[in-house]
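Asks: Questions regarding the structure given below will be posed in turn.
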Amino acid sequence: MAPVSLARLRKSYGSRTIFDDFNLDIADGELLCLLGPSGSGKTTLIRLIAGLERLEGGEIRIGGKDVSFAEPRERHVGMTFQGYALYPHLSVRQNLLYPLKVRGVPKAEADRRVTEAARLLGIAQLLERRVQQISGGEQQRVAIGRAIVQKPQLYLLDEPISNLDASLRESVRSDIRRLQQALAATMVIVTHDQLDALAIADRIAVLRHGVLQQLGSPEELYEKPDNVFVAGFIGRMRMNFLPGRLLRESGVVLQGAGFSLALPGRFAPLLDSESREVTLGVRPDALLPCAGPAPDAIAVVVKSIQFQGEQVLCSAVAGEATIQAALADGHGLLPGVPAWLRPRADKLHLFDTESGFRLSPPALHAGFATGYARDLAAPTTGGGQT
Ligand SMILES: Nc1ncnc2c1ncn2[C@@H]1O[C@H](COP(=O)(O)OP(=O)(O)OP(=O)(O)O)[C@@H](O)[C@H]1O
Ligand SMILES: [Mg+2]
Numbered sequence: 043m044a045p046v047s048l049a050r051l052r053k054s055y056g057s058r059t060i061f062d063d064f065n066l067d068i069a070d071g072e073l074l075c076l077l078g079p080s081g082s083g084k085t086t087l088i089r090l091i092a093g094l095e096r097l098e099g100g101e102i103r104i105g106g107k108d109v110s111f112a113e114p115r116e117r118h119v120g121m122t123f124q125g126y127a128l129y130p131h132l133s134v135r136q137n138l139l140y141p142l143k144v145r146g147v148p149k150a151e152a153d154r155r156v157t158e159a160a161r162l163l164g165i166a167q168l169l170e171r172r173v174q175q176i177s178g179g180e181q182q183r184v185a186i187g188r189a190i191v192q193k194p195q196l197y198l199l200d201e202p203i204s205n206l207d208a209s210l211r212e213s214v215r216s217d218i219r220r221l222q223q224a225l226a227a228t229m230v231i232v233t234h235d236q237l238d239a240l241a242i243a244d245r246i247a248v249l250r251h252g253v254l255q256q257l258g259s260p261e262e263l264y265e266k267p268d269n270v271f272v273a274g275f276i277g278r279m280r281m282n283f284l285p286g287r288l289l290r291e292s293g294v295v296l297q298g299a300g301f302s303l304a305l306p307g308r309f310a311p312l313l314d315s316e317s318r319e320v321t322l323g324v325r326p327d328a329l330l331p332c333a334g335p336a337p338d339a340i341a342v343v344v345k346s347i348q349f350q351g352e353q354v355l356c357s358a359v360a361g362e363a364t365i366q367a368a369l370a371d372g373h374g375l376l377p378g379v380p381a382w383l384r385p386r387a388d389k390l391h392l393f394d395t396e397s398g399f400r401l402s403p404p405a406l407h408a409g410f411a412t413g414y415a416r417d418l419a420a421p422t423t424g425g426g427q428t
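428 is the number that our numbering gives the last residue of the sequence shown; the numbers go up by one with no jumps.
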């Protein structure tokens, strides 16, 4: 298996720049998820790694070897394509044999590899069926099988889970993880679904407009998003964003449009600059109801309450901002009635409103693209489903 190093990659389609100075290192035996909205460049990036797109600048190394201009077959990469790309009228066995035939692998060796891959994927009983006679989840396995039989040094799977319905997703997710560990493979999995990425990745690389937004473990991205885009993209429920100004009163206070909130002392160093525009991020499940007014609670008016079984979803407004809270129970909250929601002090995120960068320690990360104010103005872009 092989580590992958992408350095200073450049790629454009006509006058449209997709990547400009893109850098990413993938460790040997790592399962890396490439996560980003539609059009962010995920497929383009793995096609560059596979050698299916022409690189315009920079360097691609697989297993330490510079393959920037090598033919696809010299790269020893097993790739599955968005939407499977199987031959529907051929049997599962013929589909698995096909890439080996193309490469001139001797028949006995090819048969052996197909049997082994089918066993690993649990599709041995399907080998004689035609692809059009098997389910979507089974087709997905066959697509991965076509990569496995090639014994690649690197797996590139483009949206292997996305087309499956909810019940199959769970099982294919864990199958892929189990397989990756059994093969001790370096695997890059493309997805636009943050829940898939959170569930299976060692690390996630978040892409937006061809720019790497953050690279880290699922926990790091969830607990310490580097910017507003990642904060809004990661998480089952979208993070609440509350814009305001930081003021020095008896402590640090966020003054928003129609509400104010005392913040923990750890944010005091941020007061050194002139009172700046910041955006507070707090996830719905980090809000707790509070019996009455308190400096560290947000005064809201409840708009709606939705019972969801294990939790109650409360939608409320604080001045001009809308807030969603996921509460353990309704706590007697009623639509139209004032209430107070207290964010958990250790679950607060502060971002610079202009740049979108995280402000709470660790301090600013330089070098990311700016222009996040747009995201704040249009909260519907988040939720990880765009
Ligand atoms: N062959 C091509 N010619 C011109 N533009 C292209 C080509 N392929 C992709 N693009 C453009 O490059 C950008 C990145 O596309 P890409 O397919 O890599 O996105 P993606 O992240 O895989 O999206 P999705 O989640 O929809 O699959 C898009 O704006 C797309 O329109
Ligand atoms: Mg794609």
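Heads up, the beta-carbon is just placed ideally off N, CA and C, and yes, glycines get one too.
Go ahead and pull the three-state DSSP assignment for residue 179.
Replies: For this step, residue 179 is matched to residue 137 along the sequence shown. Helix, per DSSP.
Asks: Can you tell me where the alpha helix (DSSP H) with residue 86 in it begins and where it stops?
Replies: Here residue 86 refers to the residue found at position 44 when the sequence shown is read from its first residue. Element bounds for residue 86: 84 to 92.
Asks: Please classify residue 328 as buried or exposed, where buried requires at least 16 other C-beta atoms within 10 Å of its C-beta.
Replies: To locate residue 328, count along the sequence shown from 1; it is residue 286. Flag for residue 328 reads buried.
Asks: Which whole-angstrom value describes the C-beta separation of residue 120 and residue 194, a residue pair presumed to lie in contact below a C-beta threshold of 8 Å?
Replies: As a position in the sequence shown, residue 120 is number 78, starting the count at 1. As a position in the sequence shown, residue 194 is number 152, starting the count at 1. Confirmed, about 3 Å.
Asks: Residue 197: buried (16+ other C-beta within 10 angstroms of its C-beta) or exposed?
Replies: Sequence index remark: in the sequence shown, residue 197 carries index 155 (1-based). Classification for residue 197: buried.
Asks: Between which two residues does the alpha helix (DSSP H) harbouring residue 218 extend?
Replies: Along the sequence shown, read from residue 1 onward, the residue named residue 218 stands at position 176. Taken as a continuous stretch (DSSP letters only), the alpha helix (DSSP H) holding residue 218 covers 208 to 225.
Asks: Can you give me the Cβ contacts of residue 95 inside the same chain, cut-off strictly under 8 Å, excluding the 5 residues immediately before and after it?
Replies: Locating residue 95 in the sequence shown gives position 53, counting from the first residue. Excluding sequence neighbours, residue 95 sits near 53, 86 and 89.
Asks: State yes or no: is the C-beta of residue 80 nearer than 8 Å to some heavy atom of ligand 1?
Replies: The residue labelled residue 80 in the question sits at position 38 within the sequence shown. Because some heavy atom of ligand 1 lies under 8 Å away, the Cβ of residue 80 counts as near it: yes.
Asks: Is residue 124 a contact residue of ligand 2, with contact defined as CB to any heavy atom under 8 Å?
Replies: Here the question's residue 124 lines up with position 82 in the sequence shown. Indeed, a heavy atom of ligand 2 lies less than 8 Å from the Cβ.
Asks: Under three-state DSSP, which class holds residue 104?
Replies: To locate residue 104, count along the sequence shown from 1; it is residue 62. Strand, per DSSP.
Asks: Does the Cβ-Cβ distance between residue 305 and residue 330 come in under 9 Å?
Replies: Here the question's residue 305 lines up with position 263 in the sequence shown. Here the question's residue 330 lines up with position 288 in the sequence shown. Against a cut-off of 9 Å, the Cβ pair of residue 330 and residue 305 comes out as no contact.
Asks: Can you tell which of 60, 92, 69 and 62 has its C-alpha closest to the C-alpha of residue 257?
Replies: Along the sequence shown, one-based indexing puts residue 257 at 215. If we check each option's Cα against that of residue 257, 69 comes out closest.
Asks: Under the rule that 16 or more other beta-carbon atoms within 10 Å means buried, what is residue 23, buried or exposed?
Replies: The question about residue 23 has no answer here: the residues shown for the chain are numbered 43 through 428.
Asks: At what residue ranges does the segment 278 to 323 contain a whole run of the beta strand (DSSP E), taking only runs of 3 or more?
Replies: Listed in chain order, they are 282 to 290, 294 to 298 and 301 to 305.
Asks: Judging by CA-CA distance, which residue of 259, 243, 291 and 364 is the nearest neighbour of residue 344?
Replies: Translated into the one-based positions of the sequence shown, residue 344 becomes position 302. It is 364 whose Cα lies nearest to the Cα of residue 344.
Asks: Give the C-beta separation of residue 401 and residue 390 to the nearest angstrom, bearing in mind that I take them to be a contact with Cβ-Cβ under 8 Å.
Replies: By 1-based counting over the sequence shown, the position of residue 401 is 359. By 1-based counting over the sequence shown, the position of residue 390 is 348. Rounded, the Cβ-Cβ distance is 11 Å, inconsistent with contact.
Asks: Just to confirm, are residue 309 and residue 288 a CB contact at a threshold of 9 Å?
Replies: Walking along the sequence shown from the start, residue 309 turns up at place 267. Walking along the sequence shown from the start, residue 288 turns up at place 246. Their beta carbons are under 9 Å apart, which means residue 309 touches residue 288 by this criterion.
Asks: Are the beta-carbon atoms of residue 375 and residue 359 separated by less than 9 Å?
Replies: Sequence index remark: in the sequence shown, residue 375 carries index 333 (1-based). Sequence index remark: in the sequence shown, residue 359 carries index 317 (1-based). Taking 9 Å as the Cβ cut-off, residue 375 and residue 359 do not qualify as a contacting pair.
Asks: With a threshold of 16 other CB atoms inside 10 Å of the CB of residue 269, please say whether the residue is buried or exposed.
Replies: Start at 1 with the first residue of the sequence shown, and residue 269 comes out as number 227. The residue is buried, with at least 16 neighbouring Cβ atoms inside 10 Å.
Asks: Distance check for residue 271 and residue 202, CA to CA, integer angstroms please.
Replies: Translated into positions along the sequence shown, residue 202 becomes position 160. Translated into positions along the sequence shown, residue 271 becomes position 229. About 24 Å.
Asks: Run through DSSP, which three-state label would residue 255 get?
Replies: Here the question's residue 255 lines up with position 213 in the sequence shown. In the structure shown, residue 255 sits in a strand (DSSP, three-state: E or B).
Asks: Going by C-alpha to C-alpha distance, which of 100, 59, 260 and 76 sits closest to residue 51?
Replies: By one-based count along the sequence shown, residue 51 stands at place 9. Residue 51 has its Cα closest to that of 100, out of 100, 59, 260 and 76.
Asks: Using the rule of at least 16 other Cβ atoms within 10 Å of the residue's Cβ for burial, across every protein chain shown, is residue 117 buried or exposed?
Replies: For the purposes of this step, residue 117 is taken as residue 75 along the sequence shown, with counting starting at 1. Result: buried.
Asks: Is residue 232 close to ligand 2? I mean its beta-carbon at under 8 Å from any heavy atom of the ligand.
Replies: Here residue 232 refers to the residue found at position 190 of the sequence shown. Yes, the Cβ of residue 232 comes within 8 Å of a heavy atom of ligand 2.
Asks: Using a Cβ-Cβ cut-off of 7 Å (strictly less than) and excluding sequence neighbours within five positions of residue 226, which residues of its own chain qualify?
Replies: Position 184 of the sequence shown, counted from the first residue, corresponds to residue 226. Answer for residue 226: 43 and 71, listed in chain order.
Asks: What three-state label does DSSP hand residue 231 in the structure shown?
Replies: Stepping through the sequence shown from its first residue, residue 231 is reached at position 189. Residue state, collapsed to three classes: strand.
Asks: Can you give, in chain order, each stretch of the beta strand (DSSP E) that sits fully within the segment 355 to 394 and has at least 3 residues?
Replies: Listed in chain order, they are 363 to 369, 380 to 385 and 391 to 394.
Asks: Do you know how far the Cα of residue 161 is from the Cα of residue 208?
Replies: In the sequence shown, residue 208 corresponds to position 166, counting from 1. In the sequence shown, residue 161 corresponds to position 119, counting from 1. Residue 208 and residue 161: Cα-Cα distance of roughly 24 Å.
Asks: Using a Cβ-Cβ cutoff of less than 6 Å, which residues in the same chain neighbour residue 295 once the five nearest sequence positions on both sides are dropped?
Replies: Numbered from 1 along the sequence shown, position 253 holds the residue referred to as residue 295. Hits under 6 Å: 289, 302 and 304.
Asks: Over what stretch of residues does the alpha helix (DSSP H) that includes residue 271 continue unbroken?
Replies: Here the question's residue 271 lines up with position 229 in the sequence shown. Residues 270 to 275.
Asks: Let's test the definition: count the other Cβ atoms within 10 Å of the Cβ of residue 59 and tell me whether it reaches 16, buried, or not, exposed.
Replies: For this step, residue 59 is matched to residue 17 along the sequence shown. Exposed, by the Cβ-count rule.
Asks: Count the other CB atoms, across all protein chains shown, that sit within 10 Å of the CB of residue 264; report buried if there are 16 or more and exposed otherwise.
Replies: Reading the sequence shown from its first residue, position 222 is the one you call residue 264. Result: buried.
Asks: Using the Cα positions of residue 80 and residue 262, report the straight-line distance between them to the nearest angstrom.
Replies: What you label residue 80 is simply residue 38 of the sequence shown in a count that begins at 1. What you label residue 262 is simply residue 220 of the sequence shown in a count that begins at 1. So the two alpha carbons sit approximately 23 Å from each other.
Asks: Output yes or no for whether 9 Å exceeds the beta carbon distance between residue 128 and residue 173.
Replies: Translated into positions along the sequence shown, residue 128 becomes position 86. Translated into positions along the sequence shown, residue 173 becomes position 131. Going by C-beta atoms, residue 128 is nearer than 9 Å to residue 173.
Asks: So, using beta-carbon positions, are residue 176 and residue 168 closer together than 9 Å?
Replies: Start at 1 with the first residue of the sequence shown, and residue 176 comes out as number 134. Start at 1 with the first residue of the sequence shown, and residue 168 comes out as number 126. Cβ distance < 9 Å, so residue 176 and residue 168 count as in contact.
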